[in-house]
Each structure stands twice: as C-alpha cells, then as structure tokens.
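In the UniProt record's numbering, the protein residues as written are 1 to 331. Yeah, the Cβ is synthetic: ideal placement off N, Cα and C, and Gly gets one too.
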Amino acid sequence: MDFGFFFSTLVTDLGGLVISALLMSYMIAAIGLNIHFGFTGLLNIGQAGFMLVGAYGFALTVKYTGNFWLGFVVAIAAGILFALILGLPTLRLRGDYLAMVTLAAAEIVRLVGDTQTLAPWTGGTIGIPNNQFSAPFVALSPFPRDGSFQIGPYNYTFSQGDSWWLRLFAFGALLLVLLISWLLVRSPWGRLLRGVREDEDAVRSLGKNVTMLKTQSLVIGGVFAAFGGVINVLATSLSADGMGRTLTFQLYTCLLLGGAATVFGPILGTILYFFVTIIIRDSLKFFGAGVISDQQAAQIIWVFVGVGLMLLVIFRPQGILGNKRELTFVA
Numbered sequence: 001m002d003f004g005f006f007f008s009t010l011v012t013d014l015g016g017l018v019i020s021a022l023l024m025s026y027m028i029a030a031i032g033l034n035i036h037f038g039f040t041g042l043l044n045i046g047q048a049g050f051m052l053v054g055a056y057g058f059a060l061t062v063k064y065t066g067n068f069w070l071g072f073v074v075a076i077a078a079g080i081l082f083a084l085i086l087g088l089p090t091l092r093l094r095g096d097y098l099a100m101v102t103l104a105a106a107e108i109v110r111l112v113g114d115t116q117t118l119a120p121w122t123g124g125t126i127g128i129p130n131n132q133f134s135a136p137f138v139a140l141s142p143f144p145r146d147g148s149f150q151i152g153p154y155n156y157t158f159s160q161g162d163s164w165w166l167r168l169f170a171f172g173a174l175l176l177v178l179l180i181s182w183l184l185v186r187s188p189w190g191r192l193l194r195g196v197r198e199d200e201d202a203v204r205s206l207g208k209n210v211t212m213l214k215t216q217s218l219v220i221g222g223v224f225a226a227f228g229g230v231i232n233v234l235a236t237s238l239s240a241d242g243m244g245r246t247l248t249f250q251l252y253t254c255l256l257l258g259g260a261a262t263v264f265g266p267i268l269g270t271i272l273y274f275f276v277t278i279i280i281r282d283s284l285k286f287f288g289a290g291v292i293s294d295q296q297a298a299q300i301i302w303v304f305v306g307v308g309l310m311l312l313v314i315f316r317p318q319g320i321l322g323n324k325r326e327l328t329f330v331a
C-alpha cells in the first residue's frame, strides 16, 4: 500500500475543505442555529428550511431579474417571513411545538421545491443549475474573468464557478455574521436570551416580552441561515433535496461538537465535523478499495457520525468550547 499517496491525498482534501465556500455556508447556518438553540433554547429542527427559502428567493430573483443585490435582499426577506410564519403561532407555546412546526415546514418547502408542477420555476427534482443565477455575482468580481490562481496543490479559477472570488466573498460573509453574533450575545439583549433559555417565567416576571424575544431570535437566526443558503447554492447548484433533514442533522452535530452558546463553537464544530468525515471517507476508500463501494462508504460514515453524536451528548454535552455550568444538551 502506498501510504505516502494516502497521506498526501488526505492532507490535500483537508486543506481544500478549510478554504471552501461550502464549509463557510455551513458555519453561517450553524451560527444562526446557535442563536436559536444555544442562546435562546428554541428547538428548531428545520434550519435547512430557512436555508432553502433563502436559496430559492435568491436564485429565482437573480434568474428572472439579473440583479444580485435584489436577490440577496429577497433571500433575507424570505428568511424573515419564514421565521414569522413559523414563530408567531407557536412561540407562545412551549418548546416541543416549535420543533414539530419547523420540522414539518422545512419538509413542506423541500417537497414544494421538488414538485413537478412548479418545475418551470423551481426546476423540480433537478433544481436550478448554478449558471442560471451566478452570472451577476461573477460580474461583481474584482478579479479577471478567466484564468486561475494556484496556492500549493489548490488551483481554482479567479471568478468563475468554484472560484477564489466566491471563497473571498464567503469568508467576508462569515466574518460579518460572526461579528454580529458576538455583538448581539454580549449585549443586554443577548443576556435576556440566556434568561429565556434558563427560565422564561423569571424573565416574564421582570416585565419582558418573552414571545417578542423568541421571535427576534428566530428571525435573526433564520436570516443567518438564509444567508448561508445563498452561499451554499453559489458554491454548488440549487436542489431542494440537498437541503433536507440530513442538513439540519449535520448542523446540530457541528453546533453540539463545538459547543452551543459559545461564539466560536459553531466554527470549530463545523471544521472538526467535516475533518472527521473526510478522514473516514478517505480511509475507507484507501483501506477498503475493492471491498467497500462508495455507497457503502457513505452509509458507514453516517454510522460513525451517529455513534459519535450519541457519545458526545452522553459524555460531553456542552461540546468542546462550552461551559457545562451554563449549558448542556437541553430541549
């Protein structure tokens, strides 16, 4: 066995992951989920739905108007509207109702996106190809429209497709969302969110509008997720099935691994989660060559992830960066 080739491939894959726009889209969505679950205690099981409505709002607007910034505004508006539709009827009730509603709503959005009746607009099960909505974004690039740039083993185009321009934009978006999150949770409003998570009756007894605080949290976290959805489809293409229950499960795993109710927990957790999955994937391909198919390898990865998540919840529910005295895995 050529172990040198294996380690070279593994290091290249891991390094490429760190600078990928797709990874940053997951980080942004996980930060939004942290606002919901980590700081406010809202059990949102439909974060992928927020990403999907933002992605559809952006892609369809840009496809038919050719205006990137209008598409971006529509994506944010879609995230806000989705949060209000879900939150206003349920946030006056206790947590489990929000979990059921968000899970169902995310599935409804996915199924509507998949339906062939709306295929002329949404693309149905095929989705909307990247080239139908990415051109206005590429036009904003300060880099040349053609050619590529190489750093070590990583060679990407300047502006087109999976480009350095997209990576730079995604990194800037991640820093902006991280800064906003840090400022919010350190503010008096952020301390109120922690109070709602710990004992909403106590916060209500102080004259605070708990329902309004929950709604604000749901809206802000939903906007972050919609933003992550935009970057996700700019890095790939828009497919409803690509943002289903599995994506929400991945985001929760990233959040709990890094540590809920911490500013940098979603960042660390997302990196570690994808590092582990890539290590397992490459190891299975190398050591199981000719024995394990790619489909079987994908199933085995999910087994490892599921077992790892159970062990995490049992033995370190606060995650790597979390404080056990402040927050454990609660629903």
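Among Thr236, Gly322, Leu321, Ala297, the one whose alpha carbon lies nearest that of tyrosine 26 = The residue given as residue 26 occupies position 26 in the sequence shown. Sorting Thr236, Gly322, Leu321, Ala297 by C-alpha distance to the C-alpha of tyrosine 26 places Thr236 at the top.
With a threshold of 16 other CB atoms inside 10 Å of the CB of lysine 324, please say whether the residue is buried or exposed.
-> Locating residue 324 in the sequence shown gives position 324, where the first residue counts as 1. With fewer than 16 other Cβ atoms within 10 Å, it is exposed.
Residue closest to isoleucine 108, alpha-carbon to alpha-carbon, out of Asn131, Asn67, Gly46 | If you number the sequence shown from 1, residue 108 lands on position 108. If we check each option's Cα against that of isoleucine 108, Gly46 comes out closest.
Indicate whether glycine 242 and leucine 255 have their beta-carbon atoms separated by less than 9 Å.
-> In the sequence shown, the residue the question calls residue 242 occupies position 242. In the sequence shown, the residue the question calls residue 255 occupies position 255. It is not a contact, given that the beta carbons lie outside the stated cut-off.
Whole-angstrom C-beta distance between glycine 195 and valine 203, which should lie under 8 Å = Within the sequence shown, residue 203 is the residue found at index 203, counting from 1. Within the sequence shown, residue 195 is the residue found at index 195, counting from 1. Contact holds; Cβ gap of about 4 Å.
Every unbroken beta strand (DSSP E) inside the stretch 231-282 [3 residues or more] = Counting only runs that start and end inside the stretch 231-282, there is no beta strand (DSSP E) element of at least 3 residues.
C-beta atoms of methionine 51 and glycine 228 nearer than 9 Å | On the sequence shown, position 51 is the one that residue 51 refers to. On the sequence shown, position 228 is the one that residue 228 refers to. The Cβ atoms of methionine 51 and glycine 228 lie closer than 9 Å to each other.
For asparagine 130, three-class secondary structure by DSSP = Taking the first residue of the sequence shown as 1, we reach residue 130 at position 130. Here DSSP, grouped into helix, strand and coil, assigns asparagine 130 to helix.
Extent of the continuous beta strand (DSSP E) to which phenylalanine 171 belongs | Stepping through the sequence shown from its first residue, residue 171 is reached at position 171. Careful: phenylalanine 171 lies outside any beta strand (DSSP E), inside the alpha helix (DSSP H) at 164-185.
Buried or exposed (CB count within 10 angstroms, at least 16 for buried), glycine 79 | The residue labelled residue 79 in the question sits at position 79 within the sequence shown. It counts as buried.
Using 8 Å as the threshold, is the stretch 66-76 in touch with the stretch 88-100, meaning 3 or more CB pairs across them?
-> Contact between the stretch 66-76 and the stretch 88-100 is not established, with fewer than three Cβ pairs separated by less than 8 Å.
Closest by CA to threonine 40, which one among Leu168, Ile231, Arg197?
-> Within the sequence shown, numbered from 1, the residue matching residue 40 stands at position 40. Of the candidates Leu168, Ile231, Arg197, the one whose C-alpha sits nearest the C-alpha of threonine 40 is Arg197.
Does DSSP classify glutamine 150 as helix, strand or coil?
-> Reading the sequence shown from its first residue, position 150 is the one you call residue 150. Glutamine 150 falls in the strand class under three-state DSSP.
What separation, rounded to the nearest whole angstrom, lies between the Cα atoms of glycine 71 and leucine 174?
-> Taking the sequence shown and counting its residues from 1, one reaches residue 71 at position 71. Taking the sequence shown and counting its residues from 1, one reaches residue 174 at position 174. Distance between the alpha carbons of glycine 71 and leucine 174: 19 Å.
By DSSP, does phenylalanine 329 sit in helix, in strand, or in coil?
-> Position 329 of the sequence shown holds residue 329. The pLDDT assigned to phenylalanine 329 is 47, lower than 50, so where the model puts this residue is not dependable, and the model offers no usable value.
Of the residues Pro144, Tyr56, Phe133, Leu43, the one placed nearest glycine 113, counting alpha carbons only | In the sequence shown, the residue the question calls residue 113 occupies position 113. Selected option, being the one with the closest Cα: Tyr56.
Sequence-distant residues of its chain with Cβ nearer than 8 Å to aspartate 282 (five each side left out) | Taking the sequence shown and counting its residues from 1, one reaches residue 282 at position 282. Answer for aspartate 282: Phe6, Thr9, Leu10, Asp13, listed in chain order.
Rounded to whole angstroms, what's the CA-CA distance from phenylalanine 139 to isoleucine 28? Just pull it up for me.
-> Taking the sequence shown and counting its residues from 1, one reaches residue 139 at position 139. Taking the sequence shown and counting its residues from 1, one reaches residue 28 at position 28. One point to set straight first is that residue 139 is alanine, not phenylalanine, in the sequence displayed. Roughly 24 Å separates the two Cα atoms.
What are the boundary residues of the alpha helix (DSSP H) that lysine 63 is part of?
-> Here residue 63 is taken as the residue at index 63 of the sequence shown, counted from 1. If you look at lysine 63, you'll find it in the alpha helix (DSSP H) that goes 47-65.
Per DSSP, what kind of secondary structure is threonine 12 in: helix, strand or coil?
-> Here residue 12 is taken as the residue at index 12 of the sequence shown, counted from 1. Threonine 12: helix per DSSP, three-state reduction.
Identify, in the order they occur along the chain, each residue of the same chain with its Cβ nearer than 7 Å to the Cβ of phenylalanine 68, setting aside the five sequence neighbours on each side.
-> Taking the first residue of the sequence shown as 1, we reach residue 68 at position 68. Excluding sequence positions up to five before and after phenylalanine 68, its CB lies within less than 7 Å of the CB of Val62, Pro136, Phe137, Leu140, all in the same chain and listed in chain order.
Between which two residues does the alpha helix (DSSP H) carrying leucine 192 extend?
-> If you number the sequence shown from 1, residue 192 lands on position 192. Residues 188-205.
So, is threonine 157 buried or exposed, given that buried needs 16 or more other C-beta atoms within 10 angstroms?
-> By 1-based counting over the sequence shown, the position of residue 157 is 157. Burial call: buried.
Among Phe133, Trp165, Ile300, Val303, which residue has its Cα nearest to the Cα of tyrosine 64?
-> For the purposes of this step, residue 64 is identified with residue 64 of the sequence shown, where counting begins at 1. Considering only alpha carbons, the answer is Phe133.
Give the range of the alpha helix (DSSP H) segment to which phenylalanine 82 is assigned.
-> In the sequence shown, counting from the first residue as 1, residue 82 sits at position 82. It spans 68-90 - the alpha helix (DSSP H) in which phenylalanine 82 sits, taken as one unbroken run.
To the nearest angstrom, how far is it from the Cα of valine 303 to the Cα of proline 144?
-> Walking along the sequence shown from the start, residue 303 turns up at place 303. Walking along the sequence shown from the start, residue 144 turns up at place 144. C-alpha of valine 303 to C-alpha of proline 144: approximately 44 Å in a straight line.
Quick one: using the 10 Å Cβ neighbour count with 16 as the cut-off for buried, is methionine 212 buried or exposed?
-> By one-based count along the sequence shown, residue 212 stands at place 212. By the 10 Å Cβ count, methionine 212 comes out exposed.
Of the listed residues Pro153, Ile301, Gln296, Leu118, nearest to valine 276 (C-alpha basis) = In the sequence shown, counting from the first residue as 1, residue 276 sits at position 276. Check the Cα spacing between valine 276 and each of Pro153, Ile301, Gln296, Leu118: the tightest is with Ile301.
Note down, in chain order, each residue of its chain lying with its Cβ closer than 6 Å to the Cβ of leucine 272, except the 5 sequence neighbours on either side.
-> Counted from its first residue, the sequence shown places residue 272 at position 272. Within the same chain, Leu257 come within 6 Å of leucine 272 by CB-CB distance, once the 5 residues on both sides are set aside.
Local conformation of threonine 215 per DSSP, three classes | Numbered from its first residue, the sequence shown carries residue 215 at position 215. It is helical.
Would you report the Cα separation of phenylalanine 58 and isoleucine 292, rounded to the nearest angstrom?
-> For the purposes of this step, residue 58 is taken as residue 58 along the sequence shown, with counting starting at 1. For the purposes of this step, residue 292 is taken as residue 292 along the sequence shown, with counting starting at 1. In this structure, the CA atom of phenylalanine 58 is about 39 Å from the CA atom of isoleucine 292.
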